[in-house]
Amino acid sequence: MRDLLSRQAVNLKPSGIRKFFDIVSEMEDALSLGVGEPDFDTPWHIRDEGIYSLEKGRTFYTSNSGLKELREEICHYMKRKQGVTYDPLHEVLITVGGSEAIDIGLRAVINPGDEVLIPQPSFVSYEPCAIMAGGVPVIIELKAENEFRLTAKELEDAITDRTKILILPFPNNPTGAIMERKDLEEIAEVIRRHDILVMSDEIYAELTYKEKHVSIVEIEGMQERTILINGFSKAYAMTGWRLGYACGPRVILEQMVKLHQFAIMCAPTTSQYAAVEALRNGDPDVLEMRTAYNQRRRYLMHAFQEMGLECFEPFGAFYVFPCIKEFGMTSEEFANRFLEEEKVAVVPGTAFGDCGEGYLRISYAYSLDNLKLAIGKLADFVERLRAEKK
């Protein structure tokens, strides 16, 4: 059969994160610091609400947009956290994880040839989703000297008359970088002047350690041009429940609902009922987990300092992004050798864009005991590499 496969699909690169995850899953006694999945169980009261929904026989489809009750709770959450107001009927959509929201959000606004600005290093899905939507990815390389923040000049330099939307991936995976209010105000001025859209992926909004998360929708004139993406996987340790959401202008959300309707129908009903409970009563759980992550973050920064490994201090998400350029090998070579010799998996920085070369992503969504064991092995490995160079 001629042209059996889609060239667009064939040309997409597989996820660099999953590659190392698959390897370590088959390696006996290996430690993984590669996957961004909380080591906490979903808090019991949230699980209990999911169980109760099943016991009550709530196994039906919800509306395409999701449970009205959940959409209302999301609006309450956005009001108390970010001080912004959304209409639960027309400006909120419940999705199968934040990843679906990214996919259909881009497909709802992109016409063939539209340029999508993607700061990198960043989450692996943005670029392929832009391509599958018919867009042209334009990469903005973030720099360590700027703490991997997006600057107004970098944004200005990347915009052309074909630019349609900027993806704003903060707090950032893999670097842990954040954008403070002054940073957002500076880029917002550029965005308004060029009249472009924003997709703000705020899945790690609850996991910031320097100050309270600031969303770009809080900045004047930005809510009406922003698709805000969030979800329950990271903050509430609900990865397997597969639940996210999008908030945005009605004119965009109506098209996203249509795409969601044909591809998915609705997000899992049980998960939606559990998410209502998470938003209503989950703040203490989030605080407990955030405190534990911050302890791990500070441990890692101290450990890197002890071993002389350069790493800028991250203030969001649960990743660190140490620099390994001193060893004269690629990120993939370092990660492969570390895995082979010490049985510890980390993710090469290049999994998140070419400008991630020379860095590793290490997740601290793992217990402190496992982190101490793995980082001890990293210290031994680094010492051995330095001895080899002499």
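Just so you know, this note's numbering puts 717 at position 84 of the sequence shown, and the rest follows in order with no gaps. Backbone N, C-alpha and C define an ideal beta-carbon position, used for all residues, glycine too. Nothing here was measured: the structure is a model prediction, and the numbers come from that model.
Minimum C-alpha distance to residue i - residue among the options
i, options, result
"Val980", "Asn806, Glu774 and Lys712", "Asn806"
"Leu664", "Leu750, Leu1006, Ile650 and Glu774", "Leu1006"
"Tyr992", "Leu972, Val1015 and Lys958", "Lys958"
"Cys956", "Gly690, Met922 and Arg994", "Arg994"
"Arg931", "Arg858, Leu1001 and Glu857", "Leu1001"
"Glu661", "Ala978, Ser996, Arg680 and Ser833", "Ala978"
"Asn697", "Glu682, Gln894 and Tyr759", "Gln894"
"Leu920", "Gly941, Thr841, Asp1013 and Arg795", "Thr841"
"Trp874", "Glu702, Gly989 and Glu682", "Glu682"
"Arg640", "Glu706, Pro745, Ile764 and Ser686", "Ile764"
"His827", "Arg795, Pro804 and Lys815", "Arg795"
"Leu666", "Cys988, Gly731, Lys1022 and Phe954", "Phe954"
"Ile684", "Lys712, Ala785, Ser904 and Pro761", "Ser904"
"Glu733", "Pro804, Ile860, Glu822 and Thr808", "Ile860"
"Met816", "Ala791, Glu688, Pro804 and Ala785", "The amino acid at residue 816 is misidentified as Met; the sequence shows Asp. Checked all of Ala791, Glu688, Pro804 and Ala785; the closest Cα to Asp816 is Ala785."
"Ser833", "Lys891, Gly731 and Leu687", "Gly731"
"Asp790", "Ile772, Ser996 and Lys646", "Ile772"
"Ile707", "Phe937, Thr983, Gln938 and Arg913", "Arg913"
Neighbourhood of residue i by C-beta distance below 6 angstroms, restricted to the same chain and skipping five residues each side
i, result
"Pro676", "Asp918"
"Ala766", "Leu739, Arg740 and Ile743"
"Arg704", "Pro721 and Val725"
"Phe967", "Ile957"
"Met922", "Phe673"
"Ala1012", "Met940"
Between the CA atoms of residue j and residue i - distance to the nearest angstrom
i, j, result
"Glu965", "Glu975", "15 angstroms"
"Ala810", "Thr793", "26 angstroms"
"Phe583", "Tyr710", "Residue 583 lies beyond the stretch modelled for the chain, which goes from 634 to 1023, so this question has no answer here."
"Pro754", "Cys899", "31 angstroms"
"Lys843", "Ala777", "18 angstroms"
"Val729", "Gln928", "31 angstroms"
"Glu659", "Glu973", "13 angstroms"
"Arg970", "Gly1009", "16 angstroms"
"Ala1020", "Met962", "15 angstroms"
"Tyr869", "Ala911", "7 angstroms"
"Ala838", "Gly949", "8 angstroms"
"Tyr694", "Tyr906", "12 angstroms"
"Lys701", "Thr902", "12 angstroms"
"His678", "Glu990", "42 angstroms"
"Glu1022", "Glu1016", "Per the sequence presented here, residue 1022 reads as Lys, with Glu not at that position. Going by the C-alpha atoms only, they are around 10 angstroms apart."
"Phe1014", "Glu780", "26 angstroms"
"Thr692", "Met871", "19 angstroms"
"Leu638", "Pro745", "21 angstroms"
"Ser996", "Val909", "28 angstroms"
"Val884", "Ile829", "15 angstroms"
"Asp916", "Tyr719", "21 angstroms"
"Glu853", "Glu887", "23 angstroms"
"Val643", "Arg635", "14 angstroms"
Residues of its chain near residue i, where Cβ-Cβ distance is below 8 angstroms and the 5 sequence neighbours each way are ignored
i, result
"Leu1018", "Phe960"
"Ala998", "Val668, Gly669, Glu670, Pro671, Asp672, Tyr926 and Phe951"
"Ile824", "Leu788, Leu799, Val831, Met855 and Arg858"
"Leu892", "Ile737, Arg740 and Ala741"
Inter-residue CB distance, residue i and residue j (contact presumed, cutoff 8 angstroms)
i, j, result
"Val757", "Ser648", "5 angstroms"
"Ile897", "Ala879", "Not a contact, Cβ separation roughly 13 angstroms."
"Ile849", "Leu801", "6 angstroms"
"Leu788", "Ile820", "5 angstroms"
"Lys797", "Val749", "7 angstroms"
"Val769", "Glu813", "Incorrect: roughly 30 angstroms between the Cβ atoms, too far for contact."
"Gly877", "Gly864", "3 angstroms"
Cutoff 7 angstroms; reference residue i; Cβ partners in own chain excluding five residues on either side
i, result
"Glu946", "Met934"
"Met889", "Leu726, Ile737, Gly738, Ala741 and Ala879"
"Glu851", "Gln715, Gly716 and Val717"
"Glu774", "Gln753 and Cys988"
"Cys762", "Ile735, Asp736 and Leu739"
"Glu760", "Ile751 and Pro770"
Three-state class that DSSP yields for residue i in the structure shown
i, result
"Arg994", "strand"
"Thr924", "helix"
"Ala1007", "helix"
"Asn806", "coil"
"Ala978", "strand"
"Tyr952", "strand"
"Leu912", "helix"
"Leu687", "helix"
"Gly699", "coil"
"Ile773", "strand"
"Ile679", "helix"
"Asn863", "strand"
"Cys944", "coil"
"Ser964", "helix"
"Ser639", "coil"
"Ile849", "helix"
"Pro917", "helix"
Cutoff 8 angstroms: residue i Cβ touching any chain D Cβ
i, result
"Lys867", "The structure shown contains no chain D; it is built from a single protein chain."
Distance cut-off 7 angstroms: residue i Cβ against heavy atoms of the ligand GTP
i, result
"Gly949", "Among the components modelled here there is no ligand, and therefore nothing to report on the ligand GTP."
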